[in-house]
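Some notes on the structure that comes next.
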Amino acid sequence: MAERYLITQGTVVEGATVPELVKLKLDRNKKLAGEKEEAAKAKEAKQAENRKGLEAHTTEYEKEYESTSRELIRLRREAKVNGNFFVEPEAKLLFVVRIVGIIKISPKPRKVLQLLRLKQLHNGVFLKVNKPILNILKLVQPYVTYGYPSLKTVRELVYKR
197 MAERYLITQG
207 TVVEGATVPE
217 LVKLKLDRNK
227 KLAGEKEEAA
237 KAKEAKQAEN
247 RKGLEAHTTE
257 YEKEYESTSR
267 ELIRLRREAK
277 VNGNFFVEPE
287 AKLLFVVRIV
297 GIIKISPKPR
307 KVLQLLRLKQ
317 LHNGVFLKVN
327 KPILNILKLV
337 QPYVTYGYPS
347 LKTVRELVYK
357 R
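Residue numbers for the sequence shown follow my numbering, so the first one is 197 and each next one is one higher.
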């Protein structure tokens, strides 16, 4: 922790006369150090509790992903056995990357790129797939590239950033 937040632990030699204000300061510093220690312990306990909650959420999500992937496999096999076609579910997420710089871009696509938070070359954003977003992407299609990322790709990109 930064030195400016340290609480000084003053000591007094036994038998020496100490001014009243110094005694008060030493008592105050002892009290503050104790409070700070208690707060640090409480913070650690809270962080441990939060960590356990996050681990529980993670396992829950992993179970959910596993069950959906198993369900998709089951539906594919069922369609194959019955001689039908299986239509894959549509993706819910897009990853858009800017591939053109700012020179010679008309104002409307420039503003759209700004709204999509694609202000620099090679910037990327995740977008939810819906009708307005797809219409917006049509406006800036020459300046961006986009696709549907897999769960592995999303994890890697999020952990990287």
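The beta carbon of each residue, even a glycine, is placed where N, CA and C say it ideally should be.
These numbers were taken from a predicted model, which means no experiment stands behind them.
- Sixteen is the threshold: since fewer than 16 other Cβ atoms of the shown chains lie within 10 Å of the Cβ of Tyr257, the residue is exposed.
- Taking a C-beta distance under 7 Å as the contact criterion, Val292 and Tyr261 do not qualify as a contact pair.
- Nearest C-alpha to Arg294 among Lys327, Glu251, Lys356 and Gln310: Gln310.
- Val340 is classed as buried because its beta carbon has at least 16 other beta carbons within 10 Å across all chains shown.
- For Leu317 and Leu289, the gap between their C-alpha atoms comes out near 21 Å.
- Rounded to the nearest angstrom, the Cβ distance from Thr204 to Asn225 is 6 Å, consistent with a contact under 8 Å.
- Looking only at Ser265, Lys315, Glu286 and Ile329, the smallest Cα-Cα distance to Ile299 is reached by Lys315.
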